[in-house]
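Sequence positions in the sequence shown follow UniProt numbering and run 1 to 143.
Note that beta-carbon positions come from the ideal geometry of N, C-alpha and C, so glycine has one too.
Down below is the structure, laid out as structure tokens.
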Amino acid sequence: MYSFFRGVSYLTKKEVSWNRTPSDPFSNSSIVYPSDEDLMSIFQKCENHPTQFAVNIARILFTREELRESNCRGKKQKSALEKRRLLFIHDAVMKLYQIPISSQADIWKQCIKRIDTRCRHERRPRFKDFATSDSFKEINSYY
1 MYSFFRGVSY LTKKEVSWNR TPSDPFSNSS IVYPSDEDLM SIFQKCENHP TQFAVNIARI
61 LFTREELRES NCRGKKQKSA LEKRRLLFIH DAVMKLYQIP ISSQADIWKQ CIKRIDTRCR
121 HERRPRFKDF ATSDSFKEIN SYY
């Protein structure tokens with residue numbers, strides 16, 4: 001489905017060439033995958049943290065609503081995040097961080113766990129949403 005690196009030396013991560021998958025013909029929305037520059041920028045910001053890299057890409061690929069209403073596997077009465085985009089994240093993490101095959105399963109489990117944590121975080125109300133609510137105004141007017 002994806003062919004990511006063309007002519008990339010095992011020792012260098014500078015020559016990256018990503019082929020973005022076309023949008024799903026059965027989906028109503030077209031998905032814009034991050035550019036090579038975006039991926040390398042994210043990678044440089046969290047070079048030693050593949051799980052944070054995965055979360056940052058997930059925040060780009062999925063809308064807040066999708067993250068709020070879903071999780072990676074579709075458990076606990078939530079819908080599952082789209083597998084094609086999760087596969088993109090998986091492949092990007094494994095290729096950019098050059099994860100050996102023996103540890104790929106463990107690293108991916110950690111990435112899934114962190115993405116699910118991000119999904120739960122999106123479901124929690126934000127303070128600024130609470131601060132503009134009527135109940136907060138009533139509490140403030142009391143004091």
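Where residue i falls, given that 16 or more other Cβ within 10 Å makes a residue buried
i: residue 48; result: exposed
i: residue 90; result: buried
i: residue 114; result: buried
i: residue 124; result: exposed
i: residue 61; result: buried
i: residue 101; result: exposed
i: residue 32; result: exposed
i: residue 80; result: exposed
Alpha carbon of residue i to alpha carbon of residue j, nearest angstrom
i: residue 51; j: residue 104; result: 12 angstroms
i: residue 75; j: residue 41; result: 32 angstroms
i: residue 59; j: residue 116; result: 12 angstroms
i: residue 34; j: residue 92; result: 11 angstroms
i: residue 71; j: residue 54; result: 14 angstroms
i: residue 109; j: residue 73; result: 11 angstroms
i: residue 36; j: residue 126; result: 32 angstroms
i: residue 68; j: residue 87; result: 20 angstroms
i: residue 23; j: residue 43; result: Any reading at residue 23 needs caution, since the residue's pLDDT is 46, under 50, leaving its predicted position unreliable; the model's value is listed next. Approximately 24 angstroms between the Cα atoms of the pair.
i: residue 30; j: residue 66; result: 14 angstroms
Proximity of residue i and residue j at Cβ, strictly below 9 angstroms
i: residue 94; j: residue 107; result: yes
i: residue 85; j: residue 122; result: no
i: residue 78; j: residue 119; result: yes
Which listed residue (the options) has its alpha carbon closest to that of residue i
i: residue 57; options: 38, 98, 99; result: 38
i: residue 46; options: 110, 109, 97, 126; result: 97
### Query
At which residue ranges does the stretch 33-59 contain complete beta strand (DSSP E) runs of 3 or more residues, listed in the order of the chain?
Along the length of the stretch 33-59, whole beta strand (DSSP E) runs at least 3 residues long do not occur.
### Query
What runs of the alpha helix (DSSP H), each 4 residues or longer, lie entirely inside the stretch 52-118?
64-69, 83-96
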